[in-house]
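Asker: Numbering (my numbering), first residue to last: 1 to 186.
Where is the CB? At the ideal position from N, CA and C, for every residue including glycine.
This structure is a prediction, so every number in the text was calculated from the model and none was measured.
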Amino acid sequence: MAGFCRYAHSAGVTAPGYNRIAGASAVGYNDACIKHLRRLERVWVDAPLYFLTTCTHLRKPILTSEPVARILVKEWRDARARHGWVIGRYVGMLDHVHFFCAPEPEAKLLSAFVGSWKEWTSKAMKRSLISLTESVWQEEFFDHILRSGESYAQKWNYVRENLIRAGLVEKADDWPWQGEIDELQL
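(1) Just checking, does the segment 95-105 make contact with the segment 48-67 on the three C-beta pairs under 8 Å criterion?
(2) Spatial neighbours of residue 48 within its chain, please: C-beta separation below 6 Å, excluding the five flanking residues on both sides.
(3) Taking residue 85 as part of the beta strand (DSSP E), name the residues at either end of that continuous run.
(4) Pick from 106, 142 and 71: whose alpha carbon is nearest that of residue 80?
(5) State the start and end residues of the unbroken alpha helix (DSSP H) segment that holds residue 113.
(6) Under the rule that 16 or more other beta-carbon atoms within 10 Å means buried, what is residue 21, buried or exposed?
(7) Is the shortest distance between the beta-carbon of residue 112 and the beta-carbons of chain C less than 9 Å?
(8) Could you check how far apart the C-beta atoms of residue 138 and residue 53 are, in whole angstroms? I think they sit under 8 Å.
(9) If contact is defined by three or more beta carbon pairs under 8 Å, each pair taking one atom from either stretch, is the segment 166-176 in contact with the segment 114-123?
(10) On a CA-only basis, which of 178, 125, 135 and 133 is nearest residue 162? Give me that one, please.
(11) Let's see if you can read the secondary structure: which residues bound the alpha helix (DSSP H) around residue 149?
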């Protein structure tokens, strides 16, 4: 997994990517560790389904407004034509997004797709949101390959329960910044 430190976690030292990606804010975490595990170039799964999380720069809570939601959804809808990636379910939190995606046969590499998606969404947000002048996204992102339909359902439920745990809603269905672009199957 990208962003996790190779140093002993018990020493309280974690990679900068871990704090940025997973949102760890526990006391004792710092940015002293700079080693990251390499992202796999290829995955030997017939039809991989990925769970992705990416955070805003400095974890700024800028993602839950109607104009931003329109931009994110538009770019997810365009991902198939632009990058060869099909987007499934998604949830926009205050400072990060979770989404599920799968490559088509001639898709760009995952890192190229996510980098391009961040670039397109950043440009669109900066054009439409006058107050946005600095970076929108952190450079890193977290990805996880799902191995079964059960895994997809479990991750989706976990993401939706985050909304309740964070105190954003009492019922996950009440959160307006979630949806599904295409139905993904494992």
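Answerer: Taking the geometry as given:
(1) yes
(2) 145
(3) 85-92
(4) 106
(5) 110-128
(6) At residue 21 the pLDDT is 38, less than 50, meaning the model places this residue with poor confidence; the figure from the coordinates comes in the next sentence. Flag for residue 21 reads buried.
(7) The question asks about chain C, but that chain is absent: this structure has only one protein chain.
(8) The pair is not a contact, with the Cβ atoms about 10 Å apart (cut-off 8 Å).
(9) no
(10) 178
(11) 149-165
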